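J.: Sharing a structure with you now.
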Amino acid sequence: MRKILIGTLVVLGWAAASVASAATGTVLRDEKLLTQPSATASVSGSVARGATVTILAKEGGWLRVTAGKTTGWVRLLSVRAGTGGLGGAGIGDVVGAATTRSDPTRVVAVAGLRGLNDEQLKQAQFNADELARLEAQGVSAAQASGFAGQSGLAVVKVADLPQPKAEQSSSPWGENR
Amino acid sequence: MKVKHLILAALLALTSVPASAFDLGKFLEDRVNRELNKDKPAQTAPAQAAPAQTSPASAQTAAAPQPAKQKIDPTQLGFALFGDYSLEEEVRIGRQIAGNLLGAVPLVRDDALQRYVNLVGRWVAQQSGRNEVTWRFGVIDSDAINAFAAPGGYVFVTKGLYRMLDNEAELAGVLGHEIAHVTKKHHLKVLKQSTLIGALGQAASRKVQGSDPAVQNLIGNGAEIMARGLDKSAEFEADRVGIVFAARAGYDPWGLPNVLQGLAGLPSGDNRTSLLYKTHPHPADRLAELGEAVGDRFDGLHGKDVANRFYRLR
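Chains as they are written, first to last, in our numbering: chain E, 1 to 177; chain H, 1 to 314.
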C-alpha cells in the first residue's frame, strides 16, 4: 500500500514539475484557437467563455491549449490558470468563492508563517532605522540606466493602454489621467 | 489632544447629516468632492457624498445632540485638504507610511537583493515620467504574497511574492504596477476621502522617534492604510499603466500577466494570499480586465525577460 502511495506521489511530483505542460485553465472570453502563436495564423477551432482547457505550453503572449478534441494557441490574457472558474465577475468559482474572494469581515489567520495581516499593519510602529536602511539603498538614474544597458535593455515606445469600455463607470478612479 | 481629535471626528460625522443651519461638514464635503472631481465635466459631479454614514461611529454619534458652535480649525484637518499635495507633502506622507510598514515587517537582510530590486525598479520608474520622485524599493521579510506602494515613491515587495518570480521581466511587471499607484496618486486620493469621512484623529498618538505626528493623524493607525486597499478600478488601472512602464523599459510585457497567472493557479485556501485578496480584485478578473485593454496592442513587442540575471533568494 505504502509503495503504491509513494509511487503515486512520484508520478504526481513529475506531473507538477512539468506543470507548464499539464495545467488546467478557464477561458475568460470567447476566443478562436489558432494553429500558431500569432494573430495572423489560421483558425483551428474555438473556445467559449467559461470552458475548461488544458494548458500545454506558453510562448510570449500565447498559450497552447487543448479543449475537448481541439488544440491551438490562444492569447495569454484570455485564459486564467487554475480551476477556480471565471473569478469574481463570473460564475463557477465554487471552491474559491468562500475562500479567496474579498471578504473584509474575515479574520485573517496566518498560522505558522511570517505573514502580514490587517492587525499587524494597524499596530505597526514607525521604524526609523529600517527606513534609513531602505533610503540608503536607493540608486541614481544613471546607475539604473547603466544596469539596464548591461543586459541590452533599451527604451521602447509603447502607447498608453485605453481604459476598457465596460469599466468606464462613475468611479472617481476612472478619470485620473 | 486626543479628545480634541475625537470631537473633531464626531463633529465631521455629525455634520455629514443634512442640517438646517450652516452645515460646515456639508461645506467641506462639497469642497472635497469638487477637488476630487475637478477633472470631470461639471455636470457629472453632483457632489456624491462619501460613504461616511455607513461607519458605525457616525451611526452612533448621529443620534447625539449637535454640539453648539463648535469651531474647526482647518489646519487640523491635515494639509492640502483643498488642492493637490505638493511633492514635499507627498513624500512626508509616504515616508511615514513606509516607516510604519517597516515597523511591521523589516527588510530582508540581503544587500545584493535590495540593490538589485532598486536597480530594476528605478529603471522601470524612469519610464513613468515622474523623475522628480526619489524612488525607493525594498523586499520585506514576510512569507505573505503581496506588494505595496506609498506616496512619494516607496515601493515594497514581500519575500513571499518575490519567491514566485521567475525572471526580471516578472519583477519589472510587479514593480510597474506599484509604481503606477504612485504616479496615479491613488493613495493620496484615498487620503483626501478618508479625511472627509473623519478617519483622522483616531490614531493612537504614541511618541515614536522619527515619526511625524501630523502625518500619522492623517493616515490613521500604523500602516493600516495599506490594509484598507484601493478601489478595484484603481487596481485595474495600475495593471494597465504598470504593464506599459515595464514594456517601455524593454522588458517582455507578459511579466505581470505571468505573475497574475501564478497567483490564479495557487490553491484557493492559501493563507499567504489572504491580505492580497482582501485588497485586490481576484487575479482572474485582473487578467480578464487587462486582456480587454491589451487585445492585440502588444503583438509587435519583443521585450526581454532577462532570466539569466534574475537574483534568486538564498
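Ideal placement from N, C-alpha and C gives every residue a C-beta, glycine not left out.
None of the values given here were measured: they were computed from a predicted structure.
For chain E, find out if any of its Cβ atoms is closer than 8 Å to the Cβ of H/N217; answer yes or no.
T.: no
J.: Between which two residues does the alpha helix (DSSP H) harbouring H/A247 extend?
T.: DSSP places H/A247 inside the alpha helix (DSSP H), whose first and last residues are K232 to R248.
J.: Following the continuous beta strand (DSSP E) through E/E31, name the residue where it begins and the one where it ends.
T.: E31 to L34
J.: So if DSSP puts E/G46 in a beta bridge, which residue, or which two residues, is it bridged to?
T.: Reading off the sequence shown, one finds Ser at residue 46 of chain E, where the question assumed Gly. Beta-bridge pairing links E/S46 to E/K32.
J.: With respect to the beta strand (DSSP E) encompassing E/K58, which residues constitute its N-terminal and C-terminal limits?
T.: T52 to E59
J.: Helix, strand or coil for H/V306 per DSSP?
T.: coil
J.: Which word fits E/T35, buried or exposed, when buried means at least 16 other C-beta atoms lie within 10 angstroms of its C-beta?
T.: By the Cβ-count criterion, E/T35 is exposed, with fewer than 16 other Cβ atoms from all chains shown falling within 10 Å of its own Cβ.
J.: Check the Cβ of E/A67 against every Cβ in chain H and list those closer than 7 Å, keeping chain order.
T.: Per Cβ cutoff of 7 Å: no residues; E/A67 is ~17 Å from chain H at best.
J.: Are the beta-carbon atoms belonging to H/L263 and H/P283 less than 8 Å from one another?
T.: Yes, Cβ-Cβ distance for H/L263 and H/P283 is below 8 Å.
J.: Between the Cα of E/Q203 and those of H/R130, H/G121, H/M164 and H/K159, spot the shortest distance and give me the residue it belongs to.
T.: The question about residue 203 of chain E has no answer here: the residues shown for chain E are numbered 1 through 177.
J.: Comparing alpha-carbon positions, which option in H/D239, H/L171 and H/V108 lies nearest E/Q137?
T.: Of the residues H/D239, H/L171 and H/V108, the one whose Cα lies closest to the Cα of E/Q137 is H/V108.
J.: H/R92 by DSSP, collapsed to three states: which one?
T.: helix
J.: DSSP has H/A147 in a bridge; who is on the other side?
T.: H/V157
J.: Please classify E/T66: does DSSP put it in a helix, a strand, or coil?
T.: Assignment of E/T66 by DSSP, reduced to helix, strand and coil, places it in the strand class.
J.: Does E/A154 pass the burial test, meaning 16 or more other C-beta atoms within 10 Å, or should it be called exposed?
T.: When all chains shown are included, E/A154 counts as exposed.
J.: Residue ranges of each alpha helix (DSSP H) run of no fewer than 4 residues wholly in the region 137 to 167 of chain E, ordered along the chain?
T.: Complete alpha helix (DSSP H) runs here, min 4: 141 to 150.
J.: At which residues does the beta strand (DSSP E) containing H/G138 begin and terminate?
T.: Per DSSP, the unbroken beta strand (DSSP E) holding H/G138 starts and ends at R136 to I140.
J.: Using the three-state DSSP reduction, which class does H/W123 fall into: helix, strand or coil?
T.: helix
J.: Rank H/D111, H/L87, H/E224 and H/A172 by C-alpha distance to the C-alpha of H/I97 and give the top, closest one.
T.: H/E224
J.: Can you check whether the C-beta of E/A51 is within less than 8 Å of a C-beta belonging to chain H?
T.: no
J.: Whole angstroms are fine: how far does the CA of E/T66 sit from the CA of H/K184?
T.: 40 Å
J.: To the nearest angstrom, how far is the alpha carbon of E/G146 from that of H/F148?
T.: 26 Å
J.: Can you give me, in chain order, the residues of the region 296 to 307 of chain H that have a beta carbon less than 9 Å from any beta carbon in chain E?
T.: Answer set for the region 296 to 307 of chain H: D296, R297, F298, D299, L301, H302, G303, K304 and V306.
J.: Is H/E224 close to chain E, meaning its C-beta is less than 8 Å from at least one C-beta of that chain?
T.: yes
J.: Measure the CB-CB distance between H/A125 and H/W135 and report whether it falls below 8 Å.
T.: H/W135 sits close to H/A125, with the two beta carbons spaced by under 8 Å.
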